[in-house]
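Under the UniProt record's numbering, the first residue of the sequence shown carries the number 1, and numbering increases by one thereafter.
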Amino acid sequence: MAPVRKTRGNQPEQIDGSVYDPRWSSFWDKENFTLEELLDEEEIIQECKALNTRLINFLRDRSQVEQLLRYIVEDAPEDADSKRSFKFPFIACEIFTCEIDVILKTLVEDEELMNMLFSFLEPNHTHGSMLAGYFSKVVICLMLRKTTQLMKYVQAHNTIFCQLVDMIGTTSIMEILIRLVGADDHIYPNYADIMQWLADTNLLEMIVDKLSPSSSPEVHANAAEVLWVIIRNAPSALAAKVSSQSFVARIFGHMLEDLLCKSALVHSLSVCIALLDPKRSASSAIIHSVRSQHIYEPSIHVDPEIVCAMLPKLGDLLKCLDVSSDVNTLPTTYGRLHPPLGKHRLKIVEFITVLLETGSEAAGKELIRSGGINGVLDLFFDYPFNNSLHHQVKSLIMSCLESKHVAIVDHLFCECNIIQKFLQADKIPFLSRDSSVVTIPAAGRQPPRAGYIGHITQICNKLVQLGSSNDHIRAYLQVNYFVDFLYLKKASFIVSGCSSFLFSLCLAYIMQKLVK
Numbered sequence: 001m002a003p004v005r006k007t008r009g010n011q012p013e014q015i016d017g018s019v020y021d022p023r024w025s026s027f028w029d030k031e032n033f034t035l036e037e038l039l040d041e042e043e044i045i046q047e048c049k050a051l052n053t054r055l056i057n058f059l060r061d062r063s064q065v066e067q068l069l070r071y072i073v074e075d076a077p078e079d080a081d082s083k084r085s086f087k088f089p090f091i092a093c094e095i096f097t098c099e100i101d102v103i104l105k106t107l108v109e110d111e112e113l114m115n116m117l118f119s120f121l122e123p124n125h126t127h128g129s130m131l132a133g134y135f136s137k138v139v140i141c142l143m144l145r146k147t148t149q150l151m152k153y154v155q156a157h158n159t160i161f162c163q164l165v166d167m168i169g170t171t172s173i174m175e176i177l178i179r180l181v182g183a184d185d186h187i188y189p190n191y192a193d194i195m196q197w198l199a200d201t202n203l204l205e206m207i208v209d210k211l212s213p214s215s216s217p218e219v220h221a222n223a224a225e226v227l228w229v230i231i232r233n234a235p236s237a238l239a240a241k242v243s244s245q246s247f248v249a250r251i252f253g254h255m256l257e258d259l260l261c262k263s264a265l266v267h268s269l270s271v272c273i274a275l276l277d278p279k280r281s282a283s284s285a286i287i288h289s290v291r292s293q294h295i296y297e298p299s300i301h302v303d304p305e306i307v308c309a310m311l312p313k314l315g316d317l318l319k320c321l322d323v324s325s326d327v328n329t330l331p332t333t334y335g336r337l338h339p340p341l342g343k344h345r346l347k348i349v350e351f352i353t354v355l356l357e358t359g360s361e362a363a364g365k366e367l368i369r370s371g372g373i374n375g376v377l378d379l380f381f382d383y384p385f386n387n388s389l390h391h392q393v394k395s396l397i398m399s400c401l402e403s404k405h406v407a408i409v410d411h412l413f414c415e416c417n418i419i420q421k422f423l424q425a426d427k428i429p430f431l432s433r434d435s436s437v438v439t440i441p442a443a444g445r446q447p448p449r450a451g452y453i454g455h456i457t458q459i460c461n462k463l464v465q466l467g468s469s470n471d472h473i474r475a476y477l478q479v480n481y482f483v484d485f486l487y488l489k490k491a492s493f494i495v496s497g498c499s500s501f502l503f504s505l506c507l508a509y510i511m512q513k514l515v516k
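Pasting the structure below:
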């Protein structure tokens, strides 16, 4: 007895639980049809996902899998039509990523087919971004669904690592590397063993060397992203290797190899920041600063050897903060910057801030010796409208004030003279027309007020808070007590409206004096 077909409008009919579609029935009735004709059918992806038995049995054949791979790894001929150039590669990729086991099995169990797939990485091959994306999706699909077979193939073909790293500037290839180094640790049944095996190869050396100034900015950015993923996924053998003193020295070597290459400097620093604070990504620095405005976070726990490995070259790095020899000029709505701060200097300030947040006494001593903290404070006042810079410097000052090392607190109040600098900023809150300054107001217009007063207010509120509980800080504030009081009296703050940070600072100490 023939099975009953249950129809429902124009929807495909169900026969014993399988899908029956008259359109596909007529297609299968053809005596001869090609893979291209099949790929041109509108519903082919839906039929694959619905596990159409006749369709899958056709596509699982080795010859069909081979042709599907060709669409993905080989460029279309110059005279090819749009279907061959665009539609068929897309459909072929979608068929593989439907994750149909028998189709993937045909691929991973055939050495020649796997060789064809990874031939896309060969240097003499053209690497268009479209096909690179399709190649990446297929490889990641195999990593997720055929992990053991794929890793056995990769282990037997170590040149794949070199080829992947050589193409790290292509974002799709970077995504393969990110999965490979353990971004999704659940995909590996023996995660620790795989990480140890990767650490025993020269994969990390090749990735770190892509931070060299000879690489492009895209390569720098993607190499730093892969390294950040490795660091974030600690503990692992790979993370331990990249955190070693030799690797930190290697990163600093590329960073300072050519100071004119700002991209290498910025992205190498991003990796160093990740080593000091794995929770902070390159894109979250501002969020981190905003988050910590009102909540003090304790010192970051980091291996002292990592910090010590960074200190020998710290002085050379801090020289990049000097703006005196930079002749660049940037016009702005309020005047001009001569020179602009630049992303590289902002990244150095972030690095110094994170370095201090580790609570390392050795790092603090080196920053005091090299004048790094004072140099950062100078930038704070030189660039009165750079909000990102002000966030970082405020975090740095907070770390100094909360430091357990008295030498850092002494340096902040004595050599850096922080109280007097704040008083001077409030006394003259407008941009100077002095041609020797970095931020120059537009001619013929009233100079605008500086944009850092809010951050100074927050810092002084912190000073008031600490002054009530920390005898060491209170002593420094009391030394400046009469200076503050006389200045406030002269300014007649009650009438003219003195800035809130001076008001809060001095009012607190006036009350303390009255109580005593």
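All residues carry an ideal CB built from backbone N, CA and C; glycine is no exception.
Item to check | Nonlocal neighbours in the same chain, by C-beta distance under 7 Å from residue 390, ignoring five residues either side | outcome: Within its own chain, the residues whose Cβ lies closer than 7 Å to the Cβ of residue 390, once the five positions on either side in sequence are excluded, are 380, 452 and 455, listed in chain order.
Checklist entry - Going by C-alpha distance, which of 49, 227, 397 and 446 is nearest residue 168? => result Nearest neighbour of residue 168 by Cα position, chosen from 49, 227, 397 and 446, turns out to be 227.
Checklist entry - Roughly how many angstroms separate the alpha carbons of residue 310 and residue 255, rounded to a whole number? => result When the Cα atoms are used, residue 310 and residue 255 turn out to be separated by approximately 11 Å.
Item to check | Whole runs of the alpha helix (DSSP H) within the region 312-389, excluding any shorter than 4 residues | outcome: Complete alpha helix (DSSP H) runs here, min 4: 314-318, 343-357, 361-370 and 372-382.
Item to check | Range covered by the alpha helix (DSSP H) that runs through residue 97 | outcome: Element bounds for residue 97: 88-97.
Item to check | Reference residue 377; option with closest CA among 101, 200, 331 and 459 | outcome: In this structure, 459 is the residue among 101, 200, 331 and 459 with its C-alpha nearest to the C-alpha of residue 377.
Checklist entry - Between 363, 225 and 75, which lies nearest to residue 179 when the distance is taken from Cα to Cα? => result Ranked by Cα distance from residue 179, the options 363, 225 and 75 are led by 225.
Item to check | Range covered by the alpha helix (DSSP H) that runs through residue 441 | outcome: Residue 441: not part of any alpha helix (DSSP H); member of the beta strand (DSSP E) spanning 439-441, first to last residue.
Item to check | Rounded Cβ spacing between residue 72 and residue 138 (contact assumed at less than 8 Å) | outcome: The distance from the Cβ of residue 72 to that of residue 138 is about 6 Å, consistent with a contact at the 8 Å cut-off.
Item to check | Environment of residue 277 [buried if 16+ CB atoms lie within 10 Å] | outcome: Its Cβ being crowded by 16 or more others within 10 Å, residue 277 is buried.
Next on the checklist: Considering Cα atoms alone, identify which of 414, 409, 384 and 403 is closest to residue 426.
Outcome noted: Comparing alpha carbon positions, the residue from 414, 409, 384 and 403 closest to residue 426 is 384.
Checklist entry - Rounded to a whole number of angstroms, what is the C-alpha to C-alpha distance between residue 69 and residue 39? => result Whole-angstrom Cα-Cα distance: 13 Å.
Item to check | Which listed residue (374, 408 and 58) has its alpha carbon closest to that of residue 318 | outcome: The shortest CA-to-CA distance from residue 318 to any of 374, 408 and 58 is the one to 374.
Checklist entry - Quick one: what's got a C-beta closer than 6 Å to residue 47's C-beta in the same chain, skipping five residues either side? => result Here residue 47 has 55 as same chain residues with Cβ atoms under 6 Å from its own Cβ, once five neighbours each way along the sequence are excluded.
Next on the checklist: For residue 364, count the other beta carbons within 10 Å of its own beta carbon; 16 or more makes it buried, fewer makes it exposed. Which is it?
Outcome noted: By the neighbour-count criterion, in which a residue is buried when 16 or more other Cβ atoms sit within 10 angstroms of its Cβ, residue 364 is buried.
Checklist entry - According to the Cβ coordinates, are residue 556 and residue 164 closer than 8 Å? => result Nothing can be reported for residue 556, as the shown portion of the chain is limited to 1 through 516.
Item to check | Local conformation of residue 33 per DSSP, three classes | outcome: Reduced to three states, the DSSP call for residue 33 is coil.
Checklist entry - Comparing alpha-carbon positions, which option in 222, 218 and 193 lies nearest residue 236? => result Considering only 222, 218 and 193, the residue with the shortest C-alpha distance to residue 236 is 193.
Next on the checklist: Less than 8 Å between the beta carbons of residue 523 and residue 437, yes or no?
Outcome noted: Nothing can be reported for residue 523: it is not among the residues displayed for the chain, which extend from 1 to 516.
Checklist entry - Can you tell which of 184, 305 and 263 has the C-alpha that lies nearest to the C-alpha of residue 240? => result When only C-alpha atoms are compared, the closest one is 305.
Item to check | Proximity to residue 96 [Cα-Cα], best of 416, 126 and 60 | outcome: Nearest Cα to residue 96 within the set 416, 126 and 60: 60.
Next on the checklist: With H, G and I counted as helix, E and B as strand and the rest as coil, what does DSSP make of residue 288?
Outcome noted: With a pLDDT of only 41 at residue 288, under 50, the local geometry of the prediction cannot be trusted, and the value read off the model is given with reservation. Residue 288: helix per DSSP, three-state reduction.
Next on the checklist: If you reduce the DSSP assignment to three classes, tell me which class residue 491 lands in.
Outcome noted: Confidence at residue 491 is low in this model, with a pLDDT of 43, below 50, so the placement of that residue is unreliable and no value is reported for it.
Item to check | Residues bridged to residue 120 [DSSP beta-bridge criterion] | outcome: DSSP, once it has assigned bridges, lists no residue as partnering residue 120.
Checklist entry - Per DSSP, what kind of secondary structure is residue 518 in: helix, strand or coil? => result The requested residue 518 is not part of the displayed model; the chain covers only 1 to 516.
Checklist entry - In terms of residues, what are the limits of the alpha helix (DSSP H) holding residue 277? => result Premise fails: residue 277 is in no alpha helix (DSSP H) and is neither H nor E.
Checklist entry - Between the Cα of residue 153 and the Cα atoms of 182, 184 and 116, which residue gives the shortest distance? => result The candidate whose alpha carbon is nearest that of residue 153 is 116.
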